[in-house]
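J.:
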Amino acid sequence: DKELYHDPPLLFDVIADPAEAFPLSPEDYPDLVARIPHLVAEHKKSVPLAFPLALDHDPKYIPCANEEMHCRTKPQVLDSMK
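Here it is as structure tokens:
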């Protein structure tokens, strides 16, 4: 997925708002907002880059449409994905 950037960054209280539906005001957390770019950079360094990033392009992840193998995806569904 393409990265999205928000300026200022979106902040959420994931304990009180696990759906991240209500952003907190960045003005209430200036120290945290100032630290976010560093925290994001550190996080990105810790995550190994793996390919393919979008597995939907790998043929082994295409839904099965072989009724003899008891697949549930119908061929017309696959045709609509093209």
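Be aware that the sequence shown starts at 1, since it is given in this note's numbering, and climbs by one per residue.
We treat Cβ as the ideally placed atom computed from N, Cα and C, and that holds for glycine.
#1: With a threshold of 8 Å (Cβ to nearest heavy atom), would Ala19 be considered close to the ligand MG?
#2: Per DSSP, what kind of secondary structure is Leu39 in: helix, strand or coil?
#3: Suppose you measure from the CA of Asp28 to the CA of Ala34; what does that come to, to the nearest Å?
#4: Reducing DSSP to helix, strand and coil, say where Leu32 ends up.
#5: Between the alpha carbons of Pro26 and Val40, how many angstroms are there, rounded?
#6: Beta-carbon separation of Leu10 and Glu20 under 9 Å?
#7: Whole angstroms are fine: how far does the CA of His43 sit from the CA of Glu3?
T.: This is what the structure holds:
#1: For the ligand MG, the structure offers nothing, since it holds no ligand at all.
#2: For the purposes of this step, residue 39 is identified with residue 39 of the sequence shown, where counting begins at 1. Helix at Leu39.
#3: Here residue 28 refers to the residue found at position 28 when the sequence shown is read from its first residue. Here residue 34 refers to the residue found at position 34 when the sequence shown is read from its first residue. Using only the alpha carbons, I get a separation of about 12 Å.
#4: For this step, residue 32 is matched to residue 32 along the sequence shown. Leu32 falls in the helix class under three-state DSSP.
#5: Stepping through the sequence shown from its first residue, residue 26 is reached at position 26. Stepping through the sequence shown from its first residue, residue 40 is reached at position 40. Distance between the alpha carbons of Pro26 and Val40 is about 16 Å.
#6: What you label residue 10 is simply residue 10 of the sequence shown in a count that begins at 1. What you label residue 20 is simply residue 20 of the sequence shown in a count that begins at 1. Yes; because the gap between Cβ atoms is below 9 Å, this pair is in contact.
#7: Stepping through the sequence shown from its first residue, residue 3 is reached at position 3. Stepping through the sequence shown from its first residue, residue 43 is reached at position 43. So the alpha carbons of these two residues sit roughly 14 Å apart.
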